[in-house]
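K.L.:
Heads up: the protein sequence lines correspond to chains A and B, in order. For the first sequence, our numbering gives the first residue as 1, with consecutive numbering after it. For the second sequence, our numbering gives the first residue as 1001, with consecutive numbering after it.
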Amino acid sequence: GAGVSQSPSNKVTEKGKDVELRCDPISGHTALYWYRQRLGQGLEFLIYFQGNSAPDKSGLPSDRFSAERTGESVSTLTIQRTQQEDSAVYLCASSSRAGALYEQFFGPGTRLTVL
Amino acid sequence: QKEVEQDPGPLSVPEGAIVSLNCTYSNSAFQYFMWYRQYSRKGPELLMYTYSSGNKEDGRFTAQVDKSSKYISLFIRDSQPSDSATYLCAMRTGGTSYGKLTFGQGTILTVHP
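#1: Give a yes or no on whether 9 Å exceeds the smallest Cβ distance from residue 144 of chain A to chain B.
#2: Name the chain B residues that come within less than 9 Å of residue 90 of chain A, Cβ to Cβ?
#3: Is residue 1102 of chain B close to chain A, meaning its C-beta is less than 9 Å from at least one C-beta of that chain?
#4: How many Å lie between residue 1007 of chain B and residue 74 of chain A at the Cα?
#5: By Cβ distance, which residues of its chain are closer than 7 Å to residue 1004 of chain B, with the 5 residues on each side in sequence left out?
#6: Cα-Cα, which of A:109, A:113, A:114 and A:115 is closest to residue 7 of chain A?
#7: Any idea if residue 1083 of chain B is buried or exposed, counting beta-carbon neighbours within 10 angstroms, 16 or more meaning buried?
#8: Tell me which residues share the same chain as residue 83 of chain A and place their Cβ nearer than 7 Å to its Cβ, disregarding the 5 neighbours each side in the sequence.
#9: Would you mind giving the Cβ-Cβ distance between residue 116 of chain A and residue 19 of chain A, rounded to the nearest angstrom? I have them listed as a contact below 8 Å.
#10: Can you list the residues of chain A that residue 1070 of chain B reaches, using a CB-CB cut of under 7 Å?
#11: So what's residue 1083 of chain B in DSSP terms, helix, strand or just coil?
#12: Quick one: Cα of residue 63 of chain A to Cα of residue 36 of chain A, how far?
#13: Is there contact here, the stretch 47-55 of chain A with the stretch 1035-1043 of chain B, by at least three beta-carbon pairs under 8 Å?
#14: Can a CB atom of chain A be found closer than 9 Å to the CB of residue 1090 of chain B?
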């Protein structure tokens, strides 16, 4: 079946503008994660949704960042009043109860450039 | 200090070499230890995982975890040019089976023919 998809694949915006990034998880996956990867760095956890539970927002770097998820499907990550330090690849992952690890499957990411 | 430290390299080896990649960590609550491989402009893919301490082997790849030293390793035998990628270690705590991953910085590996 299809993997995790993200759109857009690339986004260039001007400082101060708002951006919305979209993630379509694998069908049936109840958990969805957002990570940020700055150039030459590892992945930094942002937020995690699991079913109907309250999301774990502990990784959001500021109140300019927010995310929503509709049921167990699409999620959007919104960054308001973008800053140059927000430039990064934003990766989405989803997981299910299959297997012992509840493996996270990653999408290809959205490359955000803030000018 | 970061929770997970990984030497970013870059690492360049000839084809057929044995490659050793390592991470150290500070959080003793980590119980699941993973290695992801990331090709350029792609999302990471899970390569191997280990629960708690011990070794795990899968083909040319061996993962080792030493919880007493808070140190994990990935060995690649008979390295191939197709192994050229960024290798990321990742960890999470036990308890709930879902949960955020904490990643190392990633090591860039190039295997040249």
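Glycine included, each C-beta is placed from N, C-alpha and C at the ideal position. Given the structure is predicted, the values throughout are model-derived calculations rather than measurements.
P.N.:
Per the coordinate set shown:
#1: Outside the displayed range of chain A (1 to 115) lies residue 144 of chain A, so it cannot be described from this structure.
#2: As a working mapping, residue 90 of chain A is identified with position 90 in the first sequence. Ordered by position in chain B, no residue passes the 9 Å Cβ test against residue 90 of chain A, which lies about 11 Å from the chain.
#3: By one-based count along the second sequence, residue 1102 of chain B stands at place 102. For residue 1102 of chain B, the answer is yes, since a Cβ of chain A falls inside 9 Å of its Cβ.
#4: The residue labelled residue 1007 of chain B in the question sits at position 7 within the second sequence. The residue labelled residue 74 of chain A in the question sits at position 74 within the first sequence. Approximately 35 Å, taken between the alpha carbons.
#5: As a first step, residue 1004 of chain B must be located in the second sequence, where it is residue number 4. Result list for residue 1004 of chain B: 1023, 1025, 1089, 1091, 1102, 1103 and 1104, in chain order.
#6: Counting from one through the first sequence, the residue named residue 7 of chain A turns up at place 7. The shortest Cα separation from residue 7 of chain A among A:109, A:113, A:114 and A:115 belongs to A:109.
#7: Here residue 1083 of chain B corresponds to residue number 83 of the second sequence, with the count starting at 1. Burial call: buried.
#8: In the first sequence, the residue the question calls residue 83 of chain A occupies position 83. Result list for residue 83 of chain A: 15 and 114, in chain order.
#9: In the structure displayed, chain A extends from 1 to 115; residue 116 of chain A sits before or after that span and is not available.
#10: By one-based count along the second sequence, residue 1070 of chain B stands at place 70. Going along chain A, no residue has its Cβ under 7 Å from residue 1070 of chain B, so there is no contact; the nearest lies around 17 Å.
#11: The residue you call residue 1083 of chain B lines up with position 83 of the second sequence. Helix.
#12: Mapped onto the first sequence, residue 63 of chain A falls at position 63. Mapped onto the first sequence, residue 36 of chain A falls at position 36. C-alpha separation (whole angstroms): 16 Å.
#13: No, the stretch 47-55 of chain A does not touch the stretch 1035-1043 of chain B.
#14: What you label residue 1090 of chain B is simply residue 90 of the second sequence in a count that begins at 1. For residue 1090 of chain B, the answer is yes, since a Cβ of chain A falls inside 9 Å of its Cβ.
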